[in-house]
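Start counting the sequence shown at 1; every next residue gets the next number (UniProt numbering). All C-beta atoms in this analysis are idealised placements derived from N, C-alpha and C, irrespective of residue type, glycine included. The structure appears right after this line, and notes come after that.
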Amino acid sequence: MAYYRRAGEVPPKRHTQHRRPDGGLYYEELMGEEGFSSDSSLLYHRHIPSAIVDATPWEIPPADTEPNVPLLPRHLKLHDLFPGEDWKAVDAVTGRRLVLGNAEVRISYVVAGEASPLYRNAIGDECVYVESGAGVVETVFGALDARQGDYVLLPRATTHRWVPVGPEPLRLYAIEANSHIAPPERYLSRFGQLLEHAPYCERDLHGPAEPLLVDGADVDVLVKHRGSRGITGTRYVYPAHPFDAVGWDGCLYPYTFNVADFEPITGKVHQPPPVHQVFAGNGFVICNFVPRKVDYHPLAIPVPYYHSNVDSDEVMFYCGGDYSARKGSGIAQGSISLHPGGHSHGPQPGAYERSIGVQQVDELAVMVDTFRPLELGEAGRAADDGAYAWSWAGRGAPR
């Protein structure tokens, strides 16, 4: 998004000499989108950013998927994926387990207790939601503090690593795009400013405050990228640490946005999901459902009406509060509901009636709507409760 920031030392004019105290030159790097035609930033490095001394294959976490056939709504219990204290030996990059995916977006989950390797996603932007725990995301632009409720937005090809902080693990819900992820266009002026009707503003976005300078030699960086057979990985070795930028400026950089700063849009009757939208990518949108006052028409029914996803699959990650529309289904914190296109869905039995007269809801959920069908990753298959599809009818699974 076109919101200018500056950190550290940059020269008065771009593409001009920027000299070290000893008279040598810093190396200018442009990191930009859409081939010099969209948002970009300029970084000034102590070392040549292109220099590598080795490259070997990196075996990425399993990325295969299986179609959702037969077509079923599903309840996926993500907290079952990392039992006991297994998380203590897991990091936030190589420990990710693929839950759902298609050609445009992949959704993974990880519970991490170790610092990750240096990592770069060269396929698309990442939007990582912090379900719980705390950490620091170290990047070539500087460091970001990550806390519960934060979305961490990482532009494509940003070198970074995740470092958990404190005794609790980092529970992360990672949304990986094959495109860029940005605020919805309807929230933005033609010059990129967040408008008055947007549910958040630039003050809510927190980027790196200062450069992060790290020394080192022969440093490994894991790179996820495209290959002839889909997603693949390479391990680069750099002669100097890539966190060497003394300054940068521009409109492309990592940042955090906390879900508590989202200002919910409400109405006299039940509002449709687009009012909850927070970000968008190619082929998908991200929404969040937060605690809020609800419909105030005297005859309002506050829970969602039954609806058919004609053009999209709906993925709801329940990460706090009490989601009344799903009572009786077994869904709890750490659950995902998948409602695929072609299946009409809505509140569980009894929720429709119980909601009448409710004035506010205490719910927290992150929703991803995709416009191509989602398939199940290995973690999605492992976490499926096998019973959710039959919960509206009040029967068990068919024989």
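> What is the DSSP secondary structure of histidine 206, counted as helix, strand or coil?
Replying inline: strand
> Counting only runs that start and end within the segment 329-357, where is the alpha helix (DSSP H) found for 4 or more residues in a row?
Replying inline: 351-354
> Whose CA, out of Ala389, Ile286, Glu314 and His270, lies closest to the CA of alanine 177?
Replying inline: Ile286
> Just curious, the alpha helix (DSSP H) that glutamate 85 is in, first and last residue?
Replying inline: First-last for glutamate 85: undefined, no H or E at that position.
> Cα-Cα, which of Gly320, Trp390 and Arg292 is closest to histidine 339?
Replying inline: Trp390
> Between cysteine 127 and the rest of its own chain, which residues show a CB-CB distance below 7 Å, the 5 nearest in sequence each way excluded?
Replying inline: Tyr151, Leu153, Ile175, Ile181, Phe279 and Ile286
>> For the alpha helix (DSSP H) containing glycine 380, name the first residue and the last one.
In response: 378-383
> Going by beta carbon distance, what residues of the same chain come within less than 8 Å of proline 398, once the five residues before and after it are set aside?
Replying inline: Trp390
> Any idea which residues DSSP pairs serine 391 with across the strands?
Replying inline: Looking at the DSSP assignment, serine 391 forms no beta bridge with any residue, so it has no partner.
> Grouping DSSP H, G and I as helix and E and B as strand, with all else coil, what is tyrosine 187?
Replying inline: helix
> Alpha carbon to alpha carbon, what distance is there between alanine 89 and proline 164?
Replying inline: 12 Å
>> On the criterion of 16 or more Cβ atoms from any shown chain inside 10 Å, does arginine 326 qualify as buried, or is it exposed?
In response: buried
>> For alanine 134, list the residues DSSP reports as bridge partners.
In response: Val165
>> Tell me which residue opens and which closes the beta strand (DSSP E) that asparagine 121 is part of.
In response: 119-121
>> Give me the DSSP bridge partner(s) of aspartate 54.
In response: Val237
>> Starting from glycine 283, trace the beta strand (DSSP E) in both directions and tell me its first and last residue.
In response: Unbroken run through glycine 283: none, as it is neither H nor E.
> Given that a residue counts as buried once 16 or more other Cβ atoms are within 10 Å of its Cβ, and exposed if not, what is valine 99?
Replying inline: buried
> What's the C-alpha gap between glycine 321 and tyrosine 3?
Replying inline: 33 Å
> Is the beta carbon of aspartate 311 sitting closer than 7 Å to the one on leucine 76?
Replying inline: no
> How would you label histidine 307, buried or exposed, when you count the other beta carbons within 10 angstroms and need 16 or more for buried?
Replying inline: exposed
> Where aspartate 220 and glycine 334 are concerned, what is the direct C-alpha to C-alpha distance, given to the nearest angstrom?
Replying inline: 33 Å
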